[in-house]
Amino acid sequence: MAEPWLLSQRTTLGVGGAPRAVHPVRAEAELGELAAACSPDEFRVLGGGSNLVVADEGVPHRVLDLQLRGVEFRAASGSLVEVVAAAGESWDALVRLSCERGLMGLENLSGIPGRVGGAPLQNVGAYGREVADHLAWVEAFDLVEQRLVRLTASECELGYRTSRFKHREAGRWVVLRVAFLLDAEGAPDLRYAELARAVTALSTTDAATSSTMSSAAESVGVTTTGAQRWATPSQIREVVLELRRGKSMLGPELLGEGDENRRSCGSFFTNPVVSAEAALELTEVAARRGLSPVSFPDGNHRVKLAAGWLIEQAGLPRGTREGRVGLSSRHALALVAHAGATAADVVRFAWRVRRQVEDAWGVTLVPEPVFWGFSELDQGLPVLA
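Here my numbering is used: the first residue of the sequence shown is 190, the next is one more, and so on.
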């Protein structure tokens, strides 16, 4: 057991008190011993701390600090490669290694802070792709039955920024290893218009590498160029990193001390998914105000609304501040904790954002991060005394 430290030192938001105890986990055997000695509800699992808000008072739990390491590349069938990574590995480092080997699948997810173990828990996604698209299986330790279990992708019940690990069985599982199926001959996924447009700027073309690319770029109104057709995973990764850097949506270590937006959880709220009827009603309301909402089809007659647009059009432009907390000056979805901010400051400001969006648009925003040390949640957001 390690000496407890403030969780503000291990979260990208930079707030939060100390846990009851910290247990570094470097091997599965250590986890088994801990599980045998304590009840499951005593534990909380710490990854990269990039999607976590911890109460100022800390948490009365034992924190498992996963330090498992290792990445393996295994030939699967045809051009597919199974990539297996330990939960303690850096997510972005895994993406970089995969791209360097020419494997398509994770490149759109470059620059997302955190560790591999948190990726399936949150079903992380960006620029049109998410973990669910290429997940093969997850090995996790069941704290209730005290045994190692391999779960298929479907058994993980991944949804939009959620999984069985995050909600239905939160606290039961400790993810130890994650496997992905990536393609050495895969085509770029350029369904996301912003990424497709950025890739057109690539100057490297190689007609000799002829193959058929997805028509996704054309479907969003972007002309397919040679650079798009033959862009490598590493080239797409560099484009994604630049896009994220322009929004201050990289981890603090990549943004550097000079970026005023560096202390955040990334996107603080999910994009609301509503019925087609509700989306049409909102569009009509917006039209009467001379506005056109940003939205995307989400299947099954449902529509995903852009939460950042809702926030800005509710009277909260980028850079809005309330004391030591505010919106990023580069991305309205990111809540930033400036110097001296507390977890309570962050939660209070999040409530302000939610209420203004509800008042303006009748839509309730649901937070993405996990919250530790708060006694009551209202639709995912802590209720302060």
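For every residue, glycine included, the Cβ atom is placed at its ideal position computed from N, Cα and C.
Bear in mind the structure is a predicted one, so any value in this text is a computation, not a measurement.
Item, Value
"C-alpha distance - residue 502 paired with residue 539, whole-angstrom precision", "16 Å"
"Residue 407 to residue 390 span [Cα, whole Å]", "The predicted model places residue 407 with a pLDDT of 41, which falls under 50 and marks its position as unreliable; any figure quoted below should be read in that light. Taking the straight line from one Cα to the other gives about 15 Å."
"CA-to-CA distance, residue 382 to residue 410, given in whole angstroms", "Residue placement at residue 410 is poorly supported in this model, since its pLDDT is 41, which falls under 50; the coordinates are not used for a value here."
"Per-residue DSSP class, three states only, for residue 566", "strand"
"For residue 515, the first and last residue of its enclosing beta strand (DSSP E)", "514-516"
"Through-space distance from residue 460 to residue 551, alpha-carbon basis", "14 Å"
"Through-space distance from residue 223 to residue 347, alpha-carbon basis", "28 Å"
"Residue 337 to residue 221 span [Cα, whole Å]", "9 Å"
"Anticipated Cβ contact below 8 Å, residue 457 with residue 522, distance rounded", "6 Å"
"C-alpha distance - residue 514 paired with residue 527, whole-angstrom precision", "6 Å"
"Sequence-distant residues of its chain with Cβ nearer than 6 Å to residue 235 (five each side left out)", "252 and 254"
"The segment 462-480 / the segment 504-514 touching (three or more Cβ pairs under 8 Å)", "no"
"Reference residue 362; option with closest CA among 276, 314, 486 and 553", "276"
"Complete runs of the beta strand (DSSP E) confined to the segment 224-273 [at least 3 residues]", "232-235, 241-243, 248-255 and 260-264"
"Nearest residue (CA-CA) to residue 558, options 227, 241 and 375", "241"
"Cα-Cα separation between residue 306 and residue 366, rounded to whole angstroms", "7 Å"
"Cβ-based burial, residue 356 [other Cβ within 10 Å; buried from 16]", "exposed"
"Backbone secondary structure at residue 210 - three-state DSSP", "strand"
"Residue 453 classed as buried or exposed, judged by whether at least 16 other C-beta atoms fall within 10 angstroms", "buried"
"Residue environment, residue 310, which counts as buried when at least 16 other CB atoms sit within 10 Å", "buried"
"Assigned exposure category for residue 247 - 16 Cβ within 10 Å defines buried", "buried"
"Buried or exposed by the 16-neighbour rule on C-beta atoms within 10 Å, applied to residue 292", "buried"
"Backbone CA spacing between residue 278 and residue 473 [nearest angstrom]", "47 Å"
"Proximity to residue 219 [Cα-Cα], best of 283, 335, 270 and 197", "335"
"Under 7 Å between C-beta atoms of residue 556 and residue 440", "no"
"Among 518, 243, 565 and 258, the one whose alpha carbon lies nearest that of residue 213", "258"
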